[in-house]
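Participant: Numbered according to the numbering used here, the sequence shown spans residues 468 to 611. Ideal Cβ positions, reconstructed from N, Cα and C, are used throughout, including at glycine. No experiment lies behind these values; they were computed from the predicted model shown. Can you read through this structure? Questions will come right after.
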Amino acid sequence: MLIGLPPLLGPDLLFALRAMGHGDEIALVDGNYPAQEHARRLVRADGHSLLAVLEAVLQVLPIERDGDGGVFRASLNNDPAQTGAIHRQIDAACMARGLRVTALSGTDLYPRIRAAHTIVATSELALFANVILRKGVISATGSG
468 MLIGLPPLLG PDLLFALRAM GHGDEIALVD GNYPAQEHAR RLVRADGHSL LAVLEAVLQV
528 LPIERDGDGG VFRASLNNDP AQTGAIHRQI DAACMARGLR VTALSGTDLY PRIRAAHTIV
588 ATSELALFAN VILRKGVISA TGSG
């Protein structure tokens, strides 16, 4: 255990987050996603929901705020015009931190997940519960 870090963030996930550079992306995926097959680097978060992992990661990872932002998520039925309960929860968790969320179609989202620096496989049961976070920078003042 470490002071100030969510206990959900184990050594493998902390290593991945620290190893990422500005602009690298990490994908948090639901339990149905074929993470083992698609991951360049895989971190397992078995037994944890996507929202719990998202909340923990957002506590320590600076998120890109320039350009098209740093949070991208799946859409219900891979259609950006459709949202489910999990998408509204993802949006709320990110917007509470002042982060803009972009809903993507499946054709835009899935290649990005495969190209991500790391995929974190959760045990989330909700369908289309996948999020990509793009790492930002920490300014000279120490804020993200």
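Does the Cβ of VAL585 have 16 or more other Cβ atoms within 10 Å, making it buried, or fewer, making it exposed?
Facilitator: For the record, residue 585 in the displayed sequence is Thr; it is not Val. The residue is buried, with at least 16 neighbouring Cβ atoms inside 10 Å.
Participant: Which same chain residues, not among the five before or five after ARG508, have their C-beta less than 8 angstroms away from its C-beta?
Facilitator: ALA483, HIS584, THR585 and ILE586
Participant: When you compare only the Cα positions, how much space is there between ARG555 and LYS602?
Facilitator: 22 angstroms
Participant: Between the beta-carbon of ALA486 and the beta-carbon of ARG579, is there less than 9 angstroms?
Facilitator: No, the pair does not count as a contact, with Cβ atoms beyond the cut-off.
Participant: Measuring straight from C-alpha to C-alpha, what distance separates ARG567 and GLU504?
Facilitator: 29 angstroms
Participant: Compute the beta-carbon to beta-carbon distance between ALA588 and ALA502, rounded to the nearest angstrom, for a pair I have assumed lies under 8 angstroms.
Facilitator: With a Cβ gap of about 4 angstroms, ALA588 and ALA502 count as contacting.
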